[in-house]
Each structure stands twice: as C-alpha cells, then as structure tokens.
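In this text, residue positions in the sequence shown follow full-length UniProt numbering: the first is 1, and each later residue adds one. Even for Gly, the Cβ is constructed at its ideal location relative to N, Cα and C. Note that the structure is predicted; figures quoted are calculated from it, not measured. To start, the structure itself, in structure tokens.
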Amino acid sequence: MRTLAISDIHGCSIALETLLETVHLTPKDTLITLGDYIDKGPDSKGVLDKLINLYKNYRLIPLKGNHEIKMLQARQSDPDECFWLEFGGRETLNSYSKLGRKKTLANVPEEHWNFIQNLCVDYWQTDNHIFVHANLDPNLSLKRQSEYDLFWKKFNYQAPHYSGKTMICGHTSQKNGKPINLGHRICLDTWVCGDGWLTCLELESGKIWQANQRGQIQTAYINEFECNLLTAI
C-alpha cells in the first residue's frame, strides 16, 4: 500500500495516462492530487474524466487548486468568466467543444462541476505529511489557513509547520522540470503544461516518476533534489 502525490496536471492527459500506467496504481494505493487539473493544457475534459473514474474505483484524494476556484467563479458572472478565459480557461472550453459546438461553460457536464465543487477538498493530512495546493502558514492549524495561503501563495522558504509534518504542494511551477525539496517543504509542480514534466512522488520510498506530453518517462528519488535556502531562491 503506497501513498502517491501528483501535482498540477493542467489539462495534460497524455502525461497523466503515461504516469498512471508507469506507477501501476492499485486499489490499495492512496493517490493524492494537488489541484490545477484544468486550464493551459489541451485536454482538461479528459483529465477530469480520468480523475472522476479514479475517484469511483480507487483511493483518490483530490485537492482543489486556484484554477478550479477561478472556473467555479466563472460560472457566476461575465467579468469572472472573462478573467478565467485569459487565465487558461480558453483552452479548457476548447477541450469541451471538439465536436464543433459553441465554446461555452454549458458544455461542461454536471458531473465535472460536482467533482470540482463538492469532491475536491482544500487540504489533506496524514501522520507525517500535509498536502496543499499552494502553501501554508507554518504557525496556523489547517482549519485556520487563509484561502490566499492555500491556493495562491508562491512556494517559499519558511519554518517547518508547527505540527512537524512535511508540506507537499504544487502551484509554483519549476521551469527546470525538477521538484524543490527543502526537507520540510516539497514542491512537485514541474511545468508539464510548458516544456516540463508531470511528477508523482511515492511518500514511503521517496521515489519519483515523471512523464511528459510526448509520453516519455524518467525516474529519480526526492533526496536527489535536496537543497538549502540559498539554492532554493
């Protein structure tokens, strides 16, 4: 039984499928996805279809990201929708309109809205790790974290969380394709929607698998990416 974490898929369904096939996910594993399933990449619809299927058949803990928040807000008003479209939402609408239909939020099935709004959680924790999309205040409990910290604040060097648990996050894309490992803080967003990789970390062993949109795979261990404050900046 393994605990696996994947960050910031951003509509890159080829990388996701390649990664899942490579790690040989089983119903006994727990898979924690760190949000930002949509926008920027070419197939947000396919990514959500896959995640919903995983939720039904495996142990998936899906977190909400800031891009899911903006998509939900886009449903509420025209200004919010305009902002979201420029924020990566245009690519998302394209993925729902491949049959020539008008590109509109009405094409998004209710099952997808339900997944984003009701099944995705704000954070998750285990005995040794805290999983968030973006960041957390090291001095506050999870229930007291601000929306800004959880979904928008960029990765930075801060003291360990007072619980002693290691933070696992995404959100801050690493254009070099390498995760950041500060020991007590790990960022797994390795820019798959650009020219990088989609990263999966196995918490028990520290093994990392990475896949890209070309279907390529590479592996490493998280301790290979250990860095200090000076190298992290």
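- Counting other Cβ atoms within 10 Å of its Cβ, Ala211 reaches 16 or more and is therefore classed as buried.
- Nearest in C-alpha terms to Ile38, of all of Arg214, Leu51 and Ala134, is Leu51.
- Distance from Asp36 to Gly170 at the Cβ level is roughly 6 Å; contact confirmed, criterion being Cβ atoms closer than 8 Å.
- Considering only Ile69, Asp29 and Asn66, the residue with the shortest C-alpha distance to Asn57 is Asp29.
- Listed in chain order, the non-local C-beta contacts of Pro160 below 7 Å within the same chain comprise Pro138 and His184, local neighbours out to five positions each way being set aside.
- Contact check for Thr3 against Leu140 fails: the beta carbons are separated by 7 Å or more.
- Distance from the CA atom of Cys120 to the CA atom of Arg75, rounded to whole angstroms, is 17 Å.
- Within the DSSP secondary-structure output, Asn181 pairs in a beta bridge with Ile186 and Glu226.
- In this chain, the alpha helix (DSSP H) harbouring Leu48 covers Ser44 to Asn57.
- With contacts defined as CB atoms closer than 7 Å, His10 and Gly41 qualify as a contacting pair.
- In this structure, the CA atom of Ile6 is about 27 Å from the CA atom of Ser97.
- Only residues of its own chain outside the window of five on either side were considered, and among them Tyr123 have a CB closer than 6 Å to the CB of Leu142, listed in chain order.
- Taking 3 residues as the shortest admissible run, the segment 106-148 contains the following complete beta strand (DSSP E) segments, listed from N- to C-terminal end: 129-131.
- Close CB contacts of Asp8 within its chain, under the 6 Å cut and outside five residues either way in sequence, are with Asp36, Gly170 and Asp189 (chain order).
- For Gln213, there is no enclosing alpha helix (DSSP H), as DSSP marks it with neither H nor E.
- Residue burial annotation: Ala106 is exposed, with fewer than 16 other C-beta atoms found within 10 angstroms of its C-beta.
- Pairing Pro109 with Pro79, the inter-Cα distance amounts to about 22 Å.
- The beta carbon of Leu16 is closer than 7 Å to those of Ile9, Val47, Lys50 and Leu198 in its chain, skipping five residues each way along the sequence.
- Taking a contact as a CB-CB distance under 8 Å, the pair Gly177 and Gly196 counts as one, their CB atoms being some 4 Å apart.
- Ile168 places its beta carbon 7 Å or farther from that of Ile180.
- Residues of the same chain with a CB within less than 6 Å of the CB of Thr92, apart from the 5 flanking positions on each side, are Ile38, Asp39 and Ser44 in chain order.
- For Thr104 and Ser173, the gap between their C-alpha atoms comes out near 28 Å.
- CA-CA distance, Met1 to Ile116, rounds to 26 Å.
- Within the same chain, Cβ atoms closer than 7 Å to the Cβ of Tyr162 are found at Pro138 and Asn139, the five residues on either side in sequence being excluded.
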